[in-house]
Structures are given as C-alpha cells and as structure tokens.
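What follows is a set of notes on a single structure, which appears directly below.
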Amino acid sequence: MLRGAPLVFVLITCVCAQGVDNAPPELDAPPGRLFRLDPVEIGFERVLELEPGKMFTVQTVSMKPPVFEILNFLSDSECDRIRHIALEEGLDNSTVAEDPQTRFTATQGLDETQQVTQDKDDQILRMFEEFDWSQDGLLDAREVRDILPPERNAFMSLRDIHELFADLGIDRNSDGFLDLDEYKVTSEADIRDWMQKKMNSDKTRVTRESKQVWLSQNDAQDVVLRSLRERVIALTRLPRTLIKGSELLQVVKYSVGGHYHAHYDSEDINSDMPCHHSTIDYDEQNDDLFLRKHRLCRYITILYYLNDVDDGGKTAFPLADNETINDDELNENSDTIYDLSHHCKDAKLIVEPVKGKAVMWYNHRLDETGWLGELDMFALHGGCDVHSGTKWIANNWINVDNVREKQEQYQKKLESEVDLEFYDENEMRIEVENEYVKNVNDDVTKSAILNAENADVTRSKLKTEEPRNVHANDEL
Ligand SMILES: [Ca+2]
Ligand SMILES: [Ca+2]
Numbered sequence: 040m041l042r043g044a045p046l047v048f049v050l051i052t053c054v055c056a057q058g059v060d061n062a063p064p065e066l067d068a069p070p071g072r073l074f075r076l077d078p079v080e081i082g083f084e085r086v087l088e089l090e091p092g093k094m095f096t097v098q099t100v101s102m103k104p105p106v107f108e109i110l111n112f113l114s115d116s117e118c119d120r121i122r123h124i125a126l127e128e129g130l131d132n133s134t135v136a137e138d139p140q141t142r143f144t145a146t147q148g149l150d151e152t153q154q155v156t157q158d159k160d161d162q163i164l165r166m167f168e169e170f171d172w173s174q175d176g177l178l179d180a181r182e183v184r185d186i187l188p189p190e191r192n193a194f195m196s197l198r199d200i201h202e203l204f205a206d207l208g209i210d211r212n213s214d215g216f217l218d219l220d221e222y223k224v225t226s227e228a229d230i231r232d233w234m235q236k237k238m239n240s241d242k243t244r245v246t247r248e249s250k251q252v253w254l255s256q257n258d259a260q261d262v263v264l265r266s267l268r269e270r271v272i273a274l275t276r277l278p279r280t281l282i283k284g285s286e287l288l289q290v291v292k293y294s295v296g297g298h299y300h301a302h303y304d305s306e307d308i309n310s311d312m313p314c315h316h317s318t319i320d321y322d323e324q325n326d327d328l329f330l331r332k333h334r335l336c337r338y339i340t341i342l343y344y345l346n347d348v349d350d351g352g353k354t355a356f357p358l359a360d361n362e363t364i365n366d367d368e369l370n371e372n373s374d375t376i377y378d379l380s381h382h383c384k385d386a387k388l389i390v391e392p393v394k395g396k397a398v399m400w401y402n403h404r405l406d407e408t409g410w411l412g413e414l415d416m417f418a419l420h421g422g423c424d425v426h427s428g429t430k431w432i433a434n435n436w437i438n439v440d441n442v443r444e445k446q447e448q449y450q451k452k453l454e455s456e457v458d459l460e461f462y463d464e465n466e467m468r469i470e471v472e473n474e475y476v477k478n479v480n481d482d483v484t485k486s487a488i489l490n491a492e493n494a495d496v497t498r499s500k501l502k503t504e505e506p507r508n509v510h511a512n513d514e515l
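First residue of the sequence shown: 40, per my numbering; consecutive thereafter.
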C-alpha cells in the first residue's frame, strides 16, 4: 500500500472456520443479511483464524470501497500449484464483454451523392440524436468514443478520437466534431480497421492484455483449490452454497506490457437484465451471447498474487477514498482515471503485487435490508502495466443476485445437487494430487512451471490425460 497509514490498531479475534458461532458478536451478520467485514479505519488490522490453528492478518487499506490486504493468504507452494494447474489446463486470451450493436453506417463507401432511402435517413437521424448526449447537434470526441465499435477490446483516449478524425478524414470541416452529414458517411468498417491498426501498434490501447483460464473448485478438484475455497468461506463468512455457486477461479497471466485498464467487476443493479450466475437455464454452448443478455453480479472480489513481479503490475484503485464521485469530473478526467498504462501512479490507492497476498474488496454496498445494493462507484480498479517479468494473479468473485428470492432459489437448487458426481472419474487423480501436495517440492514445481512456460503450453491436459501425468515428481 502506498499511503501513509495512520496508527495501527490490532484487534485479536478468533473466527474459527469450523465454528462460526464462536466469533465475536460484532462480526456476525443478522439472519438474512449478507455479512460484510467492517473496515473500521485505514490501517486497522484484525487477526482471524481462517483455518484451524492458522492465523491471518487482515489489514484495511481503503474505506471507500472497503479494501483489505492479507499477506501470506496463500503459501508459496499453493501459488506455484495453482500456476501449475493453470498451465496444464492451458490459457486463452482474455476478452471483455462484447456489444454487437452497430452505431455507424453499415454501408461502406456511402457518400453524399448516393441516394439513401427515407427510412434509412430517419433511422440514422434517430441514432444521431440518441448519441448526441449534449443535444447540441454535434458529436464531440467523447460522444463518438461512446459509440465506437466495442467488440475489439479497444481502449481509446479522447486524443485517439481526434487522431481517428484526422486519419480517416471524417471530420470534413475540421471543427473537432461530427455533424449529422459527417456522421452519415462514416463507415464503421473503416473505424474498425483503424482501431485494429492502432491496437496492433500500441498495446496500451487495448483494454485488457492478458491470458486466462477458469478453474473449478468443486469437491472433486485439486486439494489446493478446495482448501482455498474453505479459507474464502471463513473470510467472507457467507453461506457455503453461496460461495460454491459463485464463478470459477479465474487465473490470469500478464506478460510485459500486460494490463487491464480501470473497470468495475460488477454491474448496476438497476438493470432489466438478470444476473448471469443465478440464471438457471444457463446455455453453456453460447456463453458469449448469454453474457450479453445478462449482467455480472459480483458482491466481492478476492484477488490473489501468485508470483512476485520483477517490475510493475500493481493493482490500482483510481477513486478509492475520494471525497465524492462527480460525473462531470469523471468525464473531464477520463483519460487520466481509466488509462492505467499511463496514469497508474495517479491512482488514489495502489496495491503492490506480492506473492501469496490476497486483496479483497466489496463491489456493492448493502441496501437497507442488508442485501446486495448499489454498485459502489469507488470500487473502480485495474491492473497497471507489467514492466518486467510476468504477473500471475487469480480472482475469486463472490456472486449474489440482488433479487433475494432468485439467489435463494439458486442456492436451493445447488443444495439439491450432489457435488460428488465427479468423484468416480477423478478419484484416482485426487489420490495422486493429495500425494503430490504431501511431497510438494518447490524447486521441482518451479522448474515444471518454467519448462511448461518455455514450451508455451496451450494444451488441455488435466481433462484428457491419465492422472499420473498431472505431476512429474513421482520419483521424489
Ligand atoms: Ca454533442
Ligand atoms: Ca465536423
């Protein structure tokens, strides 16, 4: 944490993972309310027993949103093991949610001399008026940025938009705005090509530059992944089925230049779209499409650093503990606030990546009934550029539907399902992995990871190969 921490108060409490009833009364959430760790004040430390006999120090580093750091939440060998599993599974390029809507004319090469039908003209005018937020009859750089084709993971500053105007010659009278006639003849295909070229030549113009894989933590999975989940249940003090019904563990690898510009992990609850996680007719085959029609409902984020980064790779919260959030100020300073490739150091809270450290924060406030409330606008955050080395992190998102009945219904369904269905096919693997953990030798694990990285592993091994291939240290 890069911030002058005030006096540190240490409160020794015992929250026993196996006996939540023993916890001090001030930490209990009344029935039907979501538990929320009280940040108390910046620098505040509480020592919690999250595993029998094992104490963890949870330090408050921000009040708005409540952000906590826990050093050594994962041991070195646990970090190595998770990276190892991620490599075995194979990492894919990370993406951001796509929006297929067309905002510019789809007809390439359309110009003023061509006849457009009245219908088409009306439609273009309606779109133009919709996009012209300030209703001045012109689209300024900010208004244009809002309607850029968004599906290419692009991150464009206002300066980039002016460059786009100039390169494509679409701002014909060079006044810095697009009027209706200029907008009409602007081709979306040309903009896409321009954006792609820009992103190819400058990685900081990509919203998210990393690789990732999703790992299940169900009862049949690796013992390290399962015990991590137990620790999360003890830390968040939320019902077991709520944690089990949350998203898979996401493991992310950033190489040099890798980053994720400032964003929110969750979404506005005042939306017509249902939550993604608790929708029961989930269509796995069409995940991308499905996600477009649903929203992310993530009460908590817990981020783990799985290695030490040589240089860079900090986690930044540009607005943490800001006095207020003012939309005009946000718009005015958007290039500074969101662009973590160039403005990491300007963030209000910067968390250093340290192997084994966990950072936990609440993305939502609670409403008056103690249930999931408004998105906390202060929870804006992202990953700054890695300058040297690689950065490995993992994310656990704890999902809660703001419609209480839907969350309850979802958990009830989970309770009725037996999590042991995978045991048969994986029984052998579990035995082998338990053995692996007993014998774990950091040097061997590290060299296995190094070899796998050098081979640029993208195969899916755990799913297809015999359990004995999961690790290479039988001879130990
Ligand atoms: Ca305007
Ligand atoms: Ca113009």
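By construction, the Cβ of each residue, glycine as well, lies at the ideal position given by its N, Cα and C atoms. All of these numbers come straight from a predicted model, not from anything done at the bench.
Legend entry - The beta strand (DSSP E) enclosing residue 429, as first and last residue numbers: Looking at the DSSP string, residue 429 is not in any beta strand (DSSP E), and its letter there is neither H nor E.
Legend entry - Span separating the alpha-carbon of residue 375 from that of residue 69: 41 Å
Inset, instruction - May I ask you to verify whether the region 247 to 257 touches the region 291 to 302, counting CB pairs closer than 8 Å and requiring at least 3? - result: yes
Inset, instruction - Pick helix, strand or coil for residue 312, following the three-state DSSP scheme. - result: coil
Legend entry - Range covered by the alpha helix (DSSP H) that runs through residue 280: 279 to 283
Legend entry - Reduced DSSP category for residue 195 - H, G, I as helix; E, B as strand; rest coil: coil
Inset, instruction - Please name the residue in 344, 294, 71 whose C-alpha comes closest to that of residue 109. - result: 344
Inset, instruction - Give the secondary structure of residue 85 by DSSP, where H, G and I count as helix, E and B as strand, and everything else as coil. - result: strand
Legend entry - Reduced DSSP secondary structure (H/G/I, E/B, other) of residue 295: coil
Legend entry - residue 353 burial status per 10 Å Cβ neighbour count (16 or more: buried): buried
Inset, instruction - Could you spell out the range, first to last residue, of the alpha helix (DSSP H) harbouring residue 333? - result: First-last for residue 333: undefined, no H or E at that position.
Inset, instruction - Identify the continuous beta strand (DSSP E) that holds residue 413 and give its terminal residues. - result: 411 to 414
Legend entry - Cβ-heavy atom distance, residue 164 to ligand 1, below 7 Å: no
Legend entry - residue 192: CB within 7 Å of a non-hydrogen atom of ligand 2: no
Inset, instruction - Use the C-beta contact count for residue 332: other C-beta atoms within 10 angstroms, 16 or more gives buried, fewer gives exposed. - result: exposed
Inset, instruction - Only counting runs of 3 or more residues, tell me where the beta strand (DSSP E) segments fall wholly within the region 214 to 272, in order along the chain. - result: 250 to 254
Legend entry - Rounded separation between residue 464 and residue 261 - CA only: Unreliable positioning characterises residue 464 in this predicted model, as indicated by a pLDDT of 40, which lies under 50. A coordinate reading is not provided.
Legend entry - Collapsed DSSP secondary structure at residue 128 in the structure displayed: helix
Inset, instruction - Mind checking which residues open and close the beta strand (DSSP E) that includes residue 102? - result: No beta strand (DSSP E) contains residue 102, which DSSP labels as neither H nor E.
Legend entry - Start and end residues, beta strand (DSSP E) containing residue 35: Residue 35 cannot be examined here, being either before or after the span of the chain that is shown, 40 to 515.
Legend entry - residue 353 - DSSP class collapsed to helix/strand/coil: coil
Legend entry - residue 405: first and last residue of the uninterrupted beta strand (DSSP E) it sits in: 403 to 405
Legend entry - Close Cβ partners of residue 142 (< 8 Å) along its chain, the five nearest in sequence each way excluded: 166, 170, 186, 187, 188, 227
Inset, instruction - Tell me whether residue 239 is buried or exposed, calling it buried when 16 or more other Cβ atoms sit within 10 Å of its Cβ. - result: exposed
Inset, instruction - Report the rounded CA-to-CA distance for residue 479 versus residue 179, giving the unit in angstroms. - result: Unreliable placement is indicated for residue 479, whose pLDDT of 43 sits below 50; no coordinate value is reported for it.
Inset, instruction - Please indicate yes or no: does the CB of residue 373 lie closer than 7 Å to some heavy atom of ligand 1? - result: no
Inset, instruction - Put residue 111 into one of helix, strand or coil per three-state DSSP. - result: coil
Inset, instruction - Measure the Cβ-Cβ separation of residue 107 and residue 98 and say whether it is below 8 Å. - result: yes
Inset, instruction - Take the Cβ of residue 399 as the centre, count every other Cβ of all protein chains shown within 10 Å, and call the residue buried at 16 or more, exposed below. - result: buried
Inset, instruction - Return the first residue and the last residue of the alpha helix (DSSP H) that residue 520 is part of. - result: Outside the modelled stretch of the chain, which goes from 40 to 515, sits residue 520, for which no answer is possible.
Inset, instruction - Determine the DSSP secondary structure at residue 319, reduced to helix, strand or coil. - result: coil
Inset, instruction - Flag this pair as yes or no: are the beta carbons of residue 437 and residue 319 separated by less than 8 Å? - result: no
Inset, instruction - Locate the beta strand (DSSP E) running through residue 389, then write down its first and last residues. - result: 388 to 390
Legend entry - the region 351 to 365 / the region 421 to 436 touching (three or more Cβ pairs under 8 Å): yes
Legend entry - Nearest-angstrom Cβ-Cβ length linking residue 356 and residue 384, presumed shorter than 8 Å: The Cβ separation is near 13 Å, so there is no contact.
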